[in-house]
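Taking it in order: structure first as C-alpha coordinates, then the write-up.
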Amino acid sequence: MKKLLVVDDNEAAADGLVRLLNALGWETSALYAGKDVLEHVRADEPDLIFIDIGMPDMSGHDVIVGLRAHGFTFPAVALTGYGQVEDKEKALAAGFNAHLTKPAGMDEFKAVLAELL
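Note that our numbering gives residue 40 to position 33 of the sequence shown, counting from 1, and the numbers run on in steps of one.
Now the structure itself:
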(Lines of atoms letter the chains of each structure in order from A and count residues from 1; the text may use other names and numbers.)
(Lines give C-alpha, C1' and ligand atoms only; values in the text may rest on other atoms or scores of the structure.)
Protein backbone atom coordinates (compact mmCIF):
# COMPACT_ATOMS: atom_id res chain seq x y z
CA MET A 1 0.00 0.00 0.00
CA LYS A 2 1.30 3.46 -0.91
CA LYS A 3 2.07 5.80 2.00
CA LEU A 4 0.95 9.43 1.96
CA LEU A 5 1.93 12.24 4.31
CA VAL A 6 -0.12 15.39 4.99
CA VAL A 7 1.65 18.43 6.46
CA ASP A 8 -0.61 21.24 7.69
CA ASP A 9 -0.51 23.40 10.82
CA ASN A 10 -4.32 23.32 10.91
CA GLU A 11 -4.74 20.02 12.75
CA ALA A 12 -8.46 19.70 11.94
CA ALA A 13 -7.78 20.19 8.23
CA ALA A 14 -4.87 17.74 8.27
CA ASP A 15 -6.82 15.11 10.18
CA GLY A 16 -9.83 15.53 7.90
CA LEU A 17 -7.66 14.99 4.83
CA VAL A 18 -6.05 11.94 6.46
CA ARG A 19 -9.53 10.44 7.04
CA LEU A 20 -10.53 11.16 3.42
CA LEU A 21 -7.37 9.63 1.97
CA ASN A 22 -7.57 6.61 4.28
CA ALA A 23 -11.18 6.10 3.14
CA LEU A 24 -9.91 6.10 -0.45
CA GLY A 25 -7.57 3.25 0.47
CA TRP A 26 -4.29 5.08 1.12
CA GLU A 27 -2.13 4.66 4.23
CA THR A 28 -1.96 8.27 5.38
CA SER A 29 -0.44 10.10 8.34
CA ALA A 30 -0.14 13.77 9.34
CA LEU A 31 2.40 16.21 10.69
CA TYR A 32 1.42 19.64 11.99
CA ALA A 33 4.68 21.58 11.60
CA GLY A 34 7.01 22.06 8.65
CA LYS A 35 10.06 21.76 10.90
CA ASP A 36 9.17 18.11 11.63
CA VAL A 37 9.07 16.92 8.02
CA LEU A 38 12.72 16.23 7.22
CA GLU A 39 13.30 14.05 10.29
CA HIS A 40 10.05 12.17 9.64
CA VAL A 41 10.72 11.39 5.97
CA ARG A 42 14.26 10.26 6.76
CA ALA A 43 12.73 7.61 9.06
CA ASP A 44 9.62 6.80 7.01
CA GLU A 45 9.71 8.08 3.42
CA PRO A 46 6.24 8.56 1.91
CA ASP A 47 5.27 7.81 -1.67
CA LEU A 48 3.66 11.26 -1.91
CA ILE A 49 3.38 14.30 0.35
CA PHE A 50 0.75 17.05 0.60
CA ILE A 51 2.15 20.26 2.11
CA ASP A 52 0.26 23.36 3.18
CA ILE A 53 2.00 26.52 1.97
CA GLY A 54 0.98 28.95 4.73
CA MET A 55 2.38 27.45 7.92
CA PRO A 56 3.70 29.73 10.68
CA ASP A 57 6.90 27.85 11.58
CA MET A 58 8.16 27.12 8.08
CA SER A 59 6.43 27.76 4.76
CA GLY A 60 5.53 24.88 2.51
CA HIS A 61 7.88 26.33 -0.09
CA ASP A 62 10.75 26.13 2.41
CA VAL A 63 9.78 22.56 3.31
CA ILE A 64 9.86 21.32 -0.30
CA VAL A 65 13.08 23.20 -1.09
CA GLY A 66 14.69 21.50 1.92
CA LEU A 67 13.41 18.06 0.94
CA ARG A 68 14.65 18.42 -2.63
CA ALA A 69 18.04 19.71 -1.39
CA HIS A 70 18.36 16.52 0.67
CA GLY A 71 17.71 14.38 -2.41
CA PHE A 72 14.09 13.39 -1.81
CA THR A 73 12.29 12.99 -5.14
CA PHE A 74 8.87 11.64 -4.13
CA PRO A 75 5.94 13.59 -5.59
CA ALA A 76 4.80 16.61 -3.60
CA VAL A 77 1.51 18.50 -3.83
CA ALA A 78 1.12 22.07 -2.61
CA LEU A 79 -2.17 22.39 -0.75
CA THR A 80 -3.08 26.01 -0.19
CA GLY A 81 -5.68 28.72 -0.14
CA TYR A 82 -3.55 30.68 -2.60
CA GLY A 83 -4.84 29.81 -6.06
CA GLN A 84 -3.67 32.49 -8.47
CA VAL A 85 -1.58 31.55 -11.51
CA GLU A 86 1.54 33.06 -9.93
CA ASP A 87 0.95 30.98 -6.77
CA LYS A 88 0.90 27.79 -8.83
CA GLU A 89 4.01 28.86 -10.75
CA LYS A 90 5.85 29.62 -7.49
CA ALA A 91 4.90 26.21 -6.08
CA LEU A 92 6.13 24.36 -9.17
CA ALA A 93 9.35 26.40 -9.23
CA ALA A 94 9.99 25.51 -5.57
CA GLY A 95 9.84 21.79 -6.36
CA PHE A 96 6.20 20.77 -6.06
CA ASN A 97 4.77 18.45 -8.72
CA ALA A 98 1.21 19.75 -8.42
CA HIS A 99 -0.84 22.48 -6.75
CA LEU A 100 -4.33 22.14 -5.25
CA THR A 101 -6.30 25.12 -4.02
CA LYS A 102 -8.26 24.71 -0.77
CA PRO A 103 -10.90 23.60 -0.41
CA ALA A 104 -10.09 20.83 -2.86
CA GLY A 105 -12.72 18.18 -3.51
CA MET A 106 -12.44 14.42 -3.55
CA ASP A 107 -12.30 14.33 -7.35
CA GLU A 108 -9.31 16.70 -7.32
CA PHE A 109 -7.47 14.49 -4.83
CA LYS A 110 -8.27 11.37 -6.86
CA ALA A 111 -7.02 13.03 -10.05
CA VAL A 112 -3.72 14.24 -8.57
CA LEU A 113 -3.07 10.84 -6.96
CA ALA A 114 -3.81 9.04 -10.23
CA GLU A 115 -1.48 11.41 -12.07
CA LEU A 116 1.45 11.26 -9.65
CA LEU A 117 1.38 7.66 -8.36
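All residues carry an ideal CB built from backbone N, CA and C; glycine is no exception.
Start-to-end residues for the alpha helix (DSSP H) that takes in Glu52: Looking up residue 52 in the sequence shown gives position 45. Counted as a single uninterrupted DSSP element, the stretch harbouring Glu52 is not any alpha helix (DSSP H), since DSSP gives it neither H nor E.
Secondary structure of His77, DSSP reduced to three states: One-based indexing of the sequence shown puts residue 77 at position 70. In this structure, His77 counts as coil in the three-state DSSP scheme.
C-beta atoms of Ser36 and Val25 nearer than 8 Å: Reading the sequence shown from its first residue, position 29 is the one you call residue 36. Reading the sequence shown from its first residue, position 18 is the one you call residue 25. The Cβ atoms of Ser36 and Val25 lie closer than 8 Å to each other.
Residue of Phe116, Lys42 and Leu12 minimising C-alpha distance to Glu34: Your numbering for residue 34 matches position 27 in the sequence shown. For Glu34, the closest alpha carbon among the candidates Phe116, Lys42 and Leu12 is that of Leu12.
Per-residue DSSP class, three states only, for Lys42: In the sequence shown, residue 42 corresponds to position 35, counting from 1. Lys42 falls in the helix class under three-state DSSP.
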